[in-house]
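5 is the number of the first residue of the sequence shown in our numbering; add one for each residue after it.
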Amino acid sequence: MAGTRGLARLTPVDLLRFAIVGFGNVGAALARHVHERSERVGRRYGIDLRLVAVADSTGFLNDTAGLDGNELAAWRESGRRLAERSGAHRHCQLEDVLAAGVDVVVISLPTDRDTGKPGLNVARASIAAGAHVVLADKGPALLALPELEREAALRGVTVGASATVGAALPTLSVARRELAGAELLEIEAILNGTSNLILTSMRERGISFHEAVAEAQRAGIAEPDPSYDVQGWDTAVKLTILTRALIDERATLNLVGRTGIDELEPDFVEWAHRTGGRIRLIGRAVRRNGGAVVTVAPEVVPPHNPFHLVDGARKAIRFVTDDLGELVVTGGASGRRDVAAALLRDMLATKCQSGVWKG
Ligand SMILES: NC(=O)c1ccc[n+]([C@@H]2O[C@H](COP(=O)([O-])OP(=O)(O)OC[C@H]3O[C@@H](n4cnc5c(N)ncnc54)[C@H](OP(=O)(O)O)[C@@H]3O)[C@@H](O)[C@H]2O)c1
């Protein structure tokens, strides 16, 4: 069997019908990415990726024969909504989306950190209907990933959440597969590419925090309101998702001790500079007293530390275990392309549950 995975296939044999619920920046990026990668996926894995439904807040479109993801992405990027298209249904009910006969429901709705809705409702209903779920929306992952995974396992489907915890940087899958059997004692991570880029710009060019933020905004990397990233919320959300999935399901966002990079003291920056260290926004979850202590704060990373070299919008994660030592993964730049690629990775993983590609 060795090498069969690399053999070219001429005809896709395994149909993967998917819906995108929430057709904004991420949904449109995924539609375009799948359109661009479908030939490769068909040739390499024998999977025919077919977009059969898309929904935004104004309505939904479906076609069992397949929608043109590239054209829909262009429609969205020109500022128009789905209800403006001919053939669109004005009132989108999830049952309508599922009735399109979907194997995977990708949820890219706005994140609600308090209730997880509406994405959480969509995830539960999709699983109940026997569809795999792939999440970009962090709300359902933050509040209920372990619960959703248990429900999914009972139905013989899966929940992909890699886009909610680092996207291109593999986190959950590495811990679960490569560290199986060991006790995870600590997670240490750089999970917010925007903050890391701002810190890198400040150090490399000696500019202020506000100058670095403005620069990242001009480059389209930082949001017009950067507080979610620079105040450490994004890191705290991702780390809580990871902690609940890997260390203690009782961890909650409101218990995270959080300090952002907007609170850096000049002395701290000067000390980092003098000692040859580099400031990173570090998320840390430590197993303690049967639970987990979770914090987010800027730290000075010394030159011998692997995180020292993680510059720009790159990310990194370090797992500390009892039996399998320490494992560091770095990479995964931020950006919509990376999120779309992570979502596609999770979609493909639904066909590869035992590590062997079907089709
Ligand atoms: N941007 C990133 O790089 C990134 C990375 C990882 C994860 N995420 C997560 O991915 C999700 C989507 O992000 P985004 O940047 O694509 O957001 P966005 O541009 O605001 O898109 C959200 C989409 O959800 C739709 N929507 C809102 N409420 C709805 C409802 N009740 N029913 C159906 N559709 C509804 C919106 O419709 P309308 O356009 O009609 O309002 C829009 O199409 C968020 O949860 C975000 O945190 C984003």
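We put the beta carbon where it would ideally sit given N, CA and C, even for glycine. Treat the numbers as computed from the prediction; the structure is a model and nothing was measured.
Short of 8 Å in beta carbon distance, which residues of its chain neighbour residue i, apart from the five on each side in sequence? Order them along the chain.
i: Asp326; result: Ala186, Glu187, Leu189
i: Val101; result: Ala23, Val25, Ala57, Ala59, Phe64, Asn66, Val109
How close, in whole Å, do the beta carbons of residue i and residue j come, if the pair is a contact with beta carbons under 8 Å?
i: Ala35; j: Leu76; result: 5 Å
i: Leu243; j: Ala193; result: 7 Å
i: Gly123; j: Gly143; result: 5 Å
i: Asp266; j: Val234; result: 5 Å
i: Ile251; j: Ala289; result: 6 Å
Quick one: what's got a C-beta closer than 7 Å to residue i's C-beta in the same chain, skipping five residues either side?
i: Ile211; result: Ser205
i: Leu147; result: Gly120, Leu124
i: Leu347; result: Leu34, Val110, Val138, Ala140, Ala167
i: Leu257; result: Arg117, Leu146, Ala240, Val241, Thr244
Count the other CB atoms, across all protein chains shown, that sit within 10 Å of the CB of residue i; report buried if there are 16 or more and exposed otherwise.
i: Asp229; result: exposed
i: Asp342; result: buried
i: Thr299; result: buried
i: Ala345; result: buried
i: Trp275; result: exposed
i: Arg54; result: buried
i: Ala157; result: exposed
i: Thr68; result: exposed
Looking at the unbroken alpha helix (DSSP H) that takes in residue i, where does it start and where does it end?
i: Val106; result: Here Val106 belongs to no alpha helix (DSSP H), and DSSP marks it neither H nor E.
i: Glu215; result: 213 to 222
i: Thr256; result: No alpha helix (DSSP H) contains Thr256, which DSSP labels as neither H nor E.
i: His400; result: Since the first residue shown for the chain is 5 and the last is 363, residue 400 is missing from the structure and cannot be characterised.
i: Thr198; result: 197 to 209
i: Pro150; result: 142 to 159
Which residues in the same chain have their Cβ closer than 6 Å to the Cβ of residue i, if we skip the five residues on either side of it in sequence?
i: Gly31; result: Ile24, Ser112
i: Ala135; result: Val106, Val109
i: Leu332; result: Before going further, note that residue 332 is Val rather than Leu in the sequence given. If we look at Val332 and ignore the five residues flanking it on each side, its Cβ neighbours are Pro310, Arg322.
i: Cys356; result: none
Give a single yes or no on whether residue i has its beta carbon closer than 6 Å to a heavy atom of ligand 2.
i: Pro174; result: What this structure holds is ligand 1, not ligand 2.
Need the endpoints of the beta strand (DSSP E) that residue i sits in, please.
i: Ile194; result: 188 to 194
i: Ala23; result: 18 to 25
i: Gly287; result: 282 to 292
- Task: Specify whether the region 120 to 137 and the region 27 to 46 touch according to this definition: at least 3 beta carbon pairs, one from each stretch, less than 8 Å apart.
- Result: no
- Evaluate contact between the region 266 to 284 and the region 305 to 314, counting only Cβ atoms and requiring at least three cross-stretch pairs below 8 Å. yes
- Cβ contact check for the region 67 to 84 and the region 316 to 333: 3 or more pairs under 8 Å: no
- Item | Contact the region 20 to 32 vs the region 109 to 117: 3+ CB pairs below 8 Å | yes
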